[in-house]
């Protein structure tokens, strides 16, 4: 089939559907989408609240719990122990499908009635979390606080997308690191501070696109170097003297950060940060083949429009997980041995599941919520194979008639508002625009303003002068004006690493890292060296010097 240009039903922008896209949609048995990739992505991300927590009471055992569901959300919310216990029967919750009423209306009725797990955390052996109450979409962690989409970490805080790391704070998308701070895409490294795209390195601050460096400060594009200061080689004593004069002071570290940002603009950057990829476009794609418009993808093949996926094959529009799965379409947090999953949330070890939420070890289900070991169920109700196929065909025809089949759940069905989710993080709209696009907006998010007990000018400039009592104080963020606090392990980390107390809250620090990471958008521009056409997250009007892969390798490596 030839390429087709369509107008998005939502934003009215034009987008293309390529011949390979049509082949995939035919394989999944769905029509080509009427929404553009960005609108489809927002629609999925509004179903992923990772880091906004609320306090509620478990509706089964009555204990106080931390949950991602607002107190006003009408579903019963169970603590993790109760949710996975035999104290209740998921199959007692079902709806009898009635073609006289819209399918999504009936699904939403079941969604609201059905109890839900307070958090998305590991419960199987090897994925349990220890002393890590305030984490989500996470498993196998110990002594961690406010980490998300992360696994097998210890003593880490304020981070997202970290794996097998220790004693690390404020990082994004890091693997096997220790004692790192404010890092993005740092791998197999120790004591990296304000680093990005840096591997196999040690004890360095303000570094970008470096490999196998140690004791470097303010450096860009270095390979196998040590004791460099803004790319200038120094004697060990001189390097240590210069760094010690800066490290630990908030004012001097901020000045160095700005100096480094300006300095880095003098050097070329690679068109993308991908490694060991074949025929792929996107950002932070590793060891993958034939993946296009994907972001943060590990060991994937033949995927398109994916975000934060691993070990996934032949799938489109996937947010989160994957893991030994194939033929996923429009899914959020689905994976671990899945095949042919369409428009669903947190489906695991299953196949032939459509428009379902939190379904495990099941097959041939549509519109189901919170069940496992199920077969031939619609809205959780059991049917014979013949009845199932007949009713499913009716549901599919209704959805096709409304141009909804093959698209994710409508945003109004999401348990979360736009600003509670990854949607606002990655596609910031603000309240008015979000509502105009059909999303909800939550005003009552837990945070305070004007409750500070210590002014920021009263916080000592240097970490060596900060008293233990600061963990009892309430501070005010210079970014958003809301209050925040330090936890004892955090203060201990700053002292050990000789780093100043941050003047911004966790939320603003996280958003700053997202800005450094770049958008979920690829721009057409030319290599600033040879003029070759490339696709990159760097817009043509940005200041950075962007080289194609070949020119970058020729000049830097």
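In the working numbering, the protein residues as written are 1 to 557. Even glycine gets a Cβ: it sits at the ideal position worked out from N, Cα and C. The structure displayed is predicted, hence computed values, not measured ones.
Quiz item: In angstroms, rounded to a whole number, what distance separates the CA positions of residue 10 and residue 96?
Solution: Cα to Cα, the separation comes out at about 32 Å.
Quiz item: Under three-state DSSP, which class holds residue 211?
Solution: Note: residue 211 maps to strand in three-state DSSP.
Quiz item: Considering only the beta carbon of each residue, do residue 139 and residue 122 sit closer than 9 Å?
Solution: yes
Quiz item: In chain order, which continuous runs of the beta strand (DSSP E) of length 3 or greater are located wholly inside the segment 31 to 85?
Solution: For the segment 31 to 85, whole beta strand (DSSP E) runs of length 3 or above, ordered along the chain, are 54 to 57, 64 to 67.
Quiz item: Do you know how far the Cα of residue 331 is from the Cα of residue 320?
Solution: 8 Å
Quiz item: How many angstroms separate the CA atom of residue 289 from the CA atom of residue 276?
Solution: 9 Å
Quiz item: Taking three-plus beta-carbon pairs below 8 Å as touching, is the segment 536 to 546 in contact with the segment 262 to 282?
Solution: When Cβ pairs closer than 8 Å are counted between the two stretches, the segment 536 to 546 is seen to touch the segment 262 to 282, the count reaching three or more.
Practice problem: Give a yes or no on whether the C-beta atoms belonging to residue 343 and residue 406 are separated by under 9 Å. | Solution: Cβ distance < 9 Å, so residue 343 and residue 406 count as in contact.
Exercise. Just tell me which of 354, 360, 29 has its CA closest to the CA of residue 124.
Key: Ranking the options by Cα distance to residue 124, first place goes to 360.
Practice problem: Would you tell me roughly how many angstroms separate the C-alpha atoms of residue 368 and residue 89, rounded to the nearest one? | Solution: Distance between the alpha carbons of residue 368 and residue 89: 14 Å.
Practice problem: Count the C-beta pairs between the segment 389 to 403 and the segment 109 to 123 that are closer than 8 Å, then say yes if the count reaches three, no if not. | Solution: no
Quiz item: What residues in its chain sit with their C-beta under 6 Å from that of residue 473, if we drop five residues either side in the sequence?
Solution: 453, 454
Quiz item: Taking C-alpha atoms, which residue in 2, 34, 44 lies nearest to residue 417?
Solution: 44
Exercise. Would you kindly check if the distance between the Cβ of residue 53 and the Cβ of residue 134 is under 9 Å?
Key: Yes, the pair counts as a contact, with Cβ atoms nearer than the cut-off.
Quiz item: Is DSSP giving residue 125 helix, strand or coil here?
Solution: If DSSP states are grouped into helix, strand and coil, residue 125 belongs with coil.
Practice problem: Following the continuous beta strand (DSSP E) through residue 371, name the residue where it begins and the one where it ends. | Solution: Taken as a continuous stretch (DSSP letters only), residue 371 belongs to no beta strand (DSSP E), as it is neither H nor E.
Quiz item: What is the DSSP secondary structure of residue 539, reduced to helix, strand or coil?
Solution: Residue 539 falls in the coil class under three-state DSSP.
Self-check item: For residue 25, three-class secondary structure by DSSP
Solution: helix
Practice problem: For residue 550, count neighbouring C-beta atoms within 10 Å of its own C-beta (all shown protein chains included) and say buried if the count is 16 or more, exposed if not. | Solution: Exposed: under 16 other Cβ atoms inside 10 Å.
Self-check item: residue 98 vs residue 316 beta-carbon contact at 9 Å
Solution: Not closer than 9 Å, so no.
Practice problem: Kindly indicate which three-state DSSP category residue 439 falls into: helix, strand or coil? | Solution: coil
Practice problem: Using DSSP bridges, identify the partner residues of residue 184. | Solution: 172, 196
Exercise. Give me the Cβ distance between residue 153 and residue 141, rounded to the nearest whole Å; I'm assuming they're in contact under 8 Å.
Key: 5 Å
Practice problem: From the DSSP output, in three-state form, read off residue 584 for me. | Solution: With the chain represented from 1 up to 557, any question about residue 584 goes unanswered, as that position is not in the structure.
Self-check item: 8 Å contact criterion, which residue 328 and residue 318 should meet: CB distance rounded
Solution: 5 Å
Quiz item: Should residue 460 and residue 253 be called a contact, given that it needs their Cβ atoms to be closer than 9 Å?
Solution: no
Quiz prompt | C-beta contact flag for residue 171 and residue 184 at 9 Å | solution = yes
Quiz item: So who's on the other strand from residue 342, going by DSSP bridges?
Solution: 329, 354
Exercise. Drop a sphere of 10 angstroms on the beta-carbon of residue 247, count the other beta-carbons inside from all chains shown, and report buried for 16 or more, exposed for fewer.
Key: Here residue 247 is buried. Its C-beta has 16 or more other C-beta atoms within 10 Å.
Quiz item: Can you name the residues that DSSP bridges to residue 297?
Solution: 285, 309
Quiz item: Any idea which residues DSSP pairs residue 275 with across the strands?
Solution: 286
Quiz item: Is the beta carbon of residue 32 sitting closer than 9 Å to the one on residue 4?
Solution: yes
Quiz item: Which term fits residue 1, buried or exposed, when burial requires 16 or more other beta carbons within 10 angstroms of its beta carbon?
Solution: exposed
Quiz item: So, is residue 130 buried or exposed, given that buried needs 16 or more other C-beta atoms within 10 angstroms?
Solution: In the assembly as shown, residue 130 is an exposed residue. Its beta-carbon has fewer than 16 other beta-carbons within 10 Å.
Self-check item: Beta bridge counterpart(s) of residue 316 as assigned by DSSP
Solution: 304, 329
Quiz item: Mapping DSSP to helix, strand and coil, what is residue 268?
Solution: Strand at residue 268.
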